[in-house]
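The numbering of the sequence shown is this note's numbering, which starts it at 26 and goes up by one. Shown next, in structure tokens, is the structure this report addresses.
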Amino acid sequence: MANTTNTSLLLVRLEADPSLYATPWFLTIFAANFPLGFVSRVLDLLFLEGTAAALVKVAVCLLQEAAPLILAAHNLEELMMVMKEGLPSIPNSRLEDVISQAGSLNISRSVAIIFVIIMNHLSIFVTDSWSLTRWSLLCCRRSRAVSSPRSQGGA
């Protein structure tokens with residue numbers, strides 16, 4: 026979670042709107058920048074899950090996998106080079122790990138983090154790093170409580 030929060034804070038600090046890097050991913054199902062093998066695995070996951078949430082899960086896992094590369098960027102130009110050239114050149118074994126992680130990712134637990142990142146980018150709710158950390162921890166606690174077996178009737 027620390028890398029996710031640090032990555033989010035860097036994206037906000039550099040004013041990297043998700044539309045700058047994620048739009049080509051979603052519009053082309055990652056085919057614009059990534060190797061064909063990775064794209065075919067994304068399609069496998071998309072068909073398996075039957076929902077576009079699979080694309081969001083792949084994007085989240087890809088950003089988590091690339092956190093060290095992203096955190097090394099000092100300005101928006103460097104960040105965009107990482108997003109357009111660094112991420113697609115991640116070794117195939119690590120891209121396979123991204124797909125595996127996305128397949129096992131419980132999107133309901135990640136919704137709180139995604140919500141915080143989106144709200145932070147829109148500058149509507151979260152105004153500083155202390156609030157971001159506090160809000161993301163609160164959301165994650167609530168998300169865990171909602172998705173616990175006890176709250177689902179012991180199922």
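Positions of the beta carbon are idealized from the N, C-alpha and C atoms, including for glycine. In this text the structure is predicted, and so the values were computed from the model without any measurement.
Check	Outcome
Coil, strand or helix - ALA79 by DSSP	helix
Alpha-carbon spacing of ASP69 relative to PRO60, whole angstroms	14 Å
Run of the alpha helix (DSSP H) containing GLY128, from where it starts to where it stops	117 to 129
For TYR46 and LYS109, the rounded distance between their alpha carbons	8 Å
Opening and closing residue of the alpha helix (DSSP H) in which GLU74 lies	61 to 74
When ARG38, ILE115 and VAL67 are compared against PHE51, the one with the closest alpha-carbon	VAL67
For ASN100, the nearest candidate out of ALA41, GLY128 and ALA77 (CA to CA)	ALA41
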